[in-house]
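Peer 1:
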Amino acid sequence: MKVTIDNQEIYVKEGITILDAAQEHNIYIPHLCSHLELSPYGGCRLCIIEVEGMKGYPTACTTKVEDKMVIRTHTKTLQQMRREILQLILSEHPSACLICDEQEECSSFQQTIRKVGATTGCRWCPKDGDCELQKVVDYLEIDKITFPVYYRQLPIENHEPFYDRDYNLCIYCARCVRICEEHRKSSVISLRQRGRFSTIGPAFNMSHIDAGCEFCGACVSVCPTGALSEKGRKWGGIPDSYNASICPLCDLNCDIQVLMKKGKVIGTLPPGDPHQSGGELCVKGRFCLTHIINSPDRLKEPEYLFDEGIGIVSWDEAVKQAGKMLKDVNGKRVAVYLSPNLTLEEILAAKLFFKDIINTSNITSSILNSNLISYISLSEESISLKEIEKSDCIISVFLNGNYNYAPLTLSIKQKAEKGTPYFQIGWIKDTTSRYAYQQIIPFPGREKTFFNKIAQSIENADNSSPEIKELVKKIKISSNPIFILGPDIMGLTEADGILKIIKKIITLTGSKIFLTNPYSNLIGLLSLIDTKSNEEINELISQKKIDLLYIIGDNPFQKRPPVNSIICQSPFPAPDYLNADLALPSAMWGEISGSFADIKGNIKKFKAVTNPPGKAIQNNEIFDRINKEIGKKDIKFTYKGISKLIPKKLEMRFPFVKRKPLKAKISPPNTSFPLLLIQEKNPHIFYNISLSNNIRDMREIVTEDAIIMNPTDALKMEIQNGDSIFVKSDIYEKIYPIIVRKIIPQNFLLLITSSRTFDFNPNPCPVHIRRNNV
Amino acid sequence: MEDLNIKIKEIFRNFSNDPGNLIPILQKVQKELGYISLPAIEEISCFLKLTESEIYGVASFYSQFRFNPRGRHSITVCLGTACHVRGGSILMEAFERDLEIKTGECTLDKRFDLDGVACLGCCALAPVVKIDNDIYGNMSVIKLKETLEPYE
Ligand code: SF4
Ligand code: SF4
Ligand code: SF4
Ligand code: FES
Ligand code: FES
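Protein sequence lines, in the order shown, are assigned to chains A and B. Letter by letter, the first sequence follows residues 1 to 774 in my numbering. Letter by letter, the second sequence follows residues 1 to 152 in my numbering.
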């Protein structure tokens, strides 16, 4: 249809707003609250316009175009009104710098006065130079504020992880509230109270953590002012460049853009306009990556274990030592551990190096245990993320979607909101729980029986619980049910049995499956190398059949195993207890180009954006140098040479596993051990480090080695956050600090650990607790 | 706690879990329990599948809802135009300071709760303070202590 804007005739689509129509034709109408990904709000009133035949001054962001409309956007009256409106906004915003005569000189000379606790003007604001409010003030040429100014004196909220909140700078555009509700479907914050007393935040004085914040950073991205700011990037200034990449922190490998300044990674964002994209990242892709790549703990120089202790050595020396160790040893007596975070190119190089040059087939990864193999074997039935869209019944099984798999949890929430029945089977309350048609907690300590009951109920009508009946009924009437499995299953003692039943349920009902997987390139690892299971290699080690361990970015041991020598090659130092003979610093994501494979065998590529720290070099270059030292075969390990060899189609091959019969006795809670302790291996692992361990803010939301307890239980037992308690099962006991959180239901305890094996057996385990001092 | 659960469950029996019922539910909760507490909001959140924050956002928009228990006596300070001009907000600050609470809150010993109001309808007496059903006109900060004394 045709409309006239400022005497210019333009043709526009039906149903769009006047603001969108104008923007499409590069006609600027000032606006602050409207946002690409959000429904029209009409809060700031800066976008007022005149429309012939319409009374008053409608807002362009909420008014739809109509055929033959005649619109004026820049009359004198409009501009004057906008100035008044903006001055009203500014009267409650620290605006001294905005209207200061010395602005220009100040920006160029006083660059170092910015790191202050409270923002009293633009020069002290993390958004300086990148702020939408500044831009509008510039455009409307505001040079004075006629209204009395007012500082809200709200306390600055900087005690929660990843981002700071200073609502003294807030202009109440409610973009943050709306992006959290409309786009992320989390509704963590809302506009509270009215008028002058309005504030933004969760209910009462709840923390964001307790209110279910995912720390996805969407609100921070879209905030037009400095009210919300990323802690890690607060004083980083405006990036020099934005580079496309993918996130290596789980196998969804989300698209991201990496923000660079002076050759350093200063932040990561979802793709798209940096101020407009709420995105679908989780906290890891949005906030953790920058911390990891810039971690002060990175291994920066080769280290060698001399008789006197560990010392830094040159690469030449390190390569000589590695060559010596590898030349002296019989290939059959070498075992290799590879991280599931290595790229396809690195894995292929490792394969050539260890299979062809060193001559060993003892290749594994610390995660390749029998439970993982049962789990990942189900991937034959697996669908891709996009296909969830087509499902008409979703069942998640032991999915802990907190701080994880954001695109997945988002699509579950979107589907459920539109009416697709969503069942959540498991203990943990996560960001999807609110959307669950039903959350079903399996009978404590009888998880396998529970799944058996479902299978039985599908085969023939029976007397199972009403919950199971309802679930089965809904699955049966659906034409495309999908089971989404979480990696927590792998930690259960009865994992193998439960997975077999799930497989049966899937076959019986013709369901599809989606496997979540916290490892960015597990699929690539299993497709490119014939691996052995962890159990098999461990047996070789304990039988003293291994002399040398070569560990690449992995962390398989909790103490030094009985071998002659250990070489660790990783972006991060090997743990001290390992007493590695040689530690070689390697480059990681961001510093290398490479590719990962997803569950369907599709390959996703990414490029290097920066250089590795210190003397760290790429894994492939390390192989190259050691190979030259041993000089057995002429193979080029460089990225270019290797990347040509990667097959177009990847197919997984699973290591052989011998299954031992279950020894642990599984029992439900009883009067002496009334609580059920669930142990979860921290899925937030990258190479040989845990994100919780390495990033303080991550530790606050995913705390390792602490017991998480329901508030009602805590109240009953008079236990408070931070108390220390004894946890006792029939064979083991240990002291832990307590964290009180709603994510776990009453009568359950949750323990997240980074160790490979669990302290309490079986898992889940009936326990009782008492306070440490009584 | 248990008590609250039972009462709230009883209230829910009269409503479907359509989020449109939020306001009527909040009104009923306030009527039955006197105020809207965080545990009550948590229960409503489970029932209507709204987040606590969404519920609190809506509830706090309306001045009819209170989020703190009532004290044995209720102090209402007029902040209407006439009273404002004659120092209503200064009175309010004085109350807040003396009782060590904020508007909308209740003292620890449950003796007083404190609220503001837009106009009490007796502007000639401004500034006006109401304690329970007694009106005190021409109030001043100096008279504060003695005015409160009779209320135990
Ligand atoms: S970080 Fe994400 S989940 Fe948390 S308040 Fe902001 S938008 Fe909502
Ligand atoms: S915090 Fe930012 S996004 Fe949220 S209302 Fe305030 S200015 Fe808008
Ligand atoms: S969901 Fe996975 S790939 Fe996406 S941002 Fe999070 S960790 Fe990275
Ligand atoms: S942009 Fe239209 S009212 Fe804010
Ligand atoms: S303004 Fe206080 S009684 Fe009317």
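A virtual CB, placed ideally from N, CA and C, is assigned to each residue, including glycine. Note that the structure is predicted; figures quoted are calculated from it, not measured.
Give me the chain B residues within the contact set of L191 (chain A), using Cβ-Cβ distance strictly less than 7 Å, ordered along the chain.
Peer 2: Proximity of chain B to L191 (chain A) at the Cβ level (cut-off 7 Å) is accounted for by G57, in chain order.
Peer 1: Among A:E317, A:H159 and A:N460, which has the Cα closest to the Cα of I622 (chain A)?
Peer 2: For the set A:E317, A:H159 and A:N460, the Cα lying nearest the Cα of I622 (chain A) is the one of A:E317.
Peer 1: Does the beta-carbon of L154 (chain A), which I'm using as the reference point, lie nearer than 7 Å to any heavy atom of ligand 4?
Peer 2: No.
Peer 1: For S207 (chain A), count neighbouring Cβ atoms within 10 angstroms of its own Cβ and tell me buried if that reaches 16, exposed if not.
Peer 2: exposed
Peer 1: Who are P585 (chain A)'s beta bridge partners in DSSP?
Peer 2: A:S570
Peer 1: Measuring only between beta-carbons, confirm whether R152 (chain A) sits less than 8 Å from chain B.
Peer 2: no
Peer 1: When you compare only the Cα positions, how much space is there between E84 (chain A) and G129 (chain A)?
Peer 2: 23 Å
Peer 1: On the DSSP letters alone, give me the boundaries of the beta strand (DSSP E) that S229 (chain A) sits inside.
Peer 2: L228 to E230
Peer 1: So does A174 (chain A) have its beta carbon nearer than 7 Å to some heavy atom of ligand 2?
Peer 2: yes
Peer 1: Could you check where the alpha helix (DSSP H) with G524 (chain A) kicks off and where it finishes?
Peer 2: L522 to L528
Peer 1: Between V222 (chain A) and ligand 2, is there a pair consisting of the residue's CB and a ligand heavy atom that are separated by less than 7 Å?
Peer 2: yes
Peer 1: What first and last residue would you give for the alpha helix (DSSP H) that runs through R82 (chain A)?
Peer 2: K76 to L90
Peer 1: Can you tell which of A:I752, A:E182, A:L38 and A:A22 has its C-alpha closest to the C-alpha of I71 (chain A)?
Peer 2: The option with the nearest alpha carbon to I71 (chain A) is A:A22.
Peer 1: Tell me whether I29 (chain A) is buried or exposed, calling it buried when 16 or more other Cβ atoms sit within 10 Å of its Cβ.
Peer 2: Under this definition I29 (chain A) is a buried residue.
Peer 1: Quick check on the DSSP output: what are the complete alpha helix (DSSP H) runs of length 4 or more inside the segment 340-389 of chain A, in order along the chain?
Peer 2: Complete alpha helix (DSSP H) runs here, min 4: 344-351 and 370-377.
Peer 1: Any heavy atom of ligand 2 closer than 7 Å to the beta-carbon of L228 (chain A)?
Peer 2: yes
Peer 1: Just the C-alpha distance for E704 (chain A) and L715 (chain A), rounded to the nearest angstrom, thanks.
Peer 2: 23 Å
Peer 1: For F596 (chain A), does the three-state DSSP call read helix, strand or coil?
Peer 2: F596 (chain A): strand per DSSP, three-state reduction.
Peer 1: Taking only beta-carbon positions, decide if G212 (chain A) is within less than 8 Å of chain B.
Peer 2: yes
Peer 1: Alpha helix (DSSP H) containing V177 (chain A): first to last residue?
Peer 2: R175 to R178
Peer 1: For C216 (chain A) and I179 (chain A), I'd like the C-alpha separation in whole angstroms.
Peer 2: C-alpha separation (whole angstroms): 11 Å.
Peer 1: Assign N463 (chain A) to one of two classes, buried (16 or more other C-beta atoms within 10 Å of its C-beta) or exposed (fewer than that).
Peer 2: exposed
Peer 1: As an exercise, report each continuous beta strand (DSSP E) stretch of at least 3 residues that is fully enclosed by the segment 299-338 of chain A, in chain order.
Peer 2: 303-306, 309-312 and 334-338
Peer 1: Look up D109 (chain B) in the DSSP assignment and say whether it is helix, strand or coil.
Peer 2: coil
Peer 1: Among residues of its own chain, excluding the 5 on either side of N564 (chain A), which ones have a beta-carbon nearer than 7 Å to its beta-carbon?
Peer 2: D547 and L548
Peer 1: Taking Cβ-Cβ distances below 8 Å as the criterion, which residues of the segment 191-209 of chain A are in contact with chain B?
Peer 2: L191, R192, Q193, R194, G201, P202, A203, F204 and M206
Peer 1: Can you tell me which of the three DSSP states T103 (chain B) falls into?
Peer 2: When secondary structure is reduced to three states using DSSP, T103 (chain B) falls in the coil class, being assigned neither helix nor strand.
Peer 1: Answer yes or no: does any C-beta atom of chain B fall closer than 8 Å to that of V65 (chain A)?
Peer 2: Not closer than 8 Å to any Cβ of chain B, the Cβ of V65 (chain A) fails to qualify, so no.
Peer 1: With three or more C-beta pairs closer than 8 Å as the rule, is the segment 225-245 of chain A touching the segment 491-500 of chain A?
Peer 2: no
Peer 1: Chain A beta carbons: is any one of them nearer than 8 Å to that of L38 (chain B)?
Peer 2: yes
Peer 1: Tell me whether R653 (chain A) is buried or exposed, calling it buried when 16 or more other Cβ atoms sit within 10 Å of its Cβ.
Peer 2: exposed
Peer 1: According to DSSP, what are the bridge partners of F606 (chain A)?
Peer 2: DSSP lists A:G594 as partners of F606 (chain A).
Peer 1: Helix, strand or coil: how does DSSP classify N14 (chain B) here?
Peer 2: coil
Peer 1: What are the partner residues of D778 (chain A), as DSSP defines its beta bridges?
Peer 2: Since the first and last residues shown for chain A are 1 and 774, residue 778 (chain A) lies out of range.
Peer 1: Could you tell me if T59 (chain A) is buried or exposed, where buried requires 16 or more neighbouring beta carbons within 10 angstroms of its beta carbon?
Peer 2: buried
Peer 1: Determine the contact status of W315 (chain A) and P302 (chain A), defining contact as a CB-CB distance below 8 Å.
Peer 2: yes
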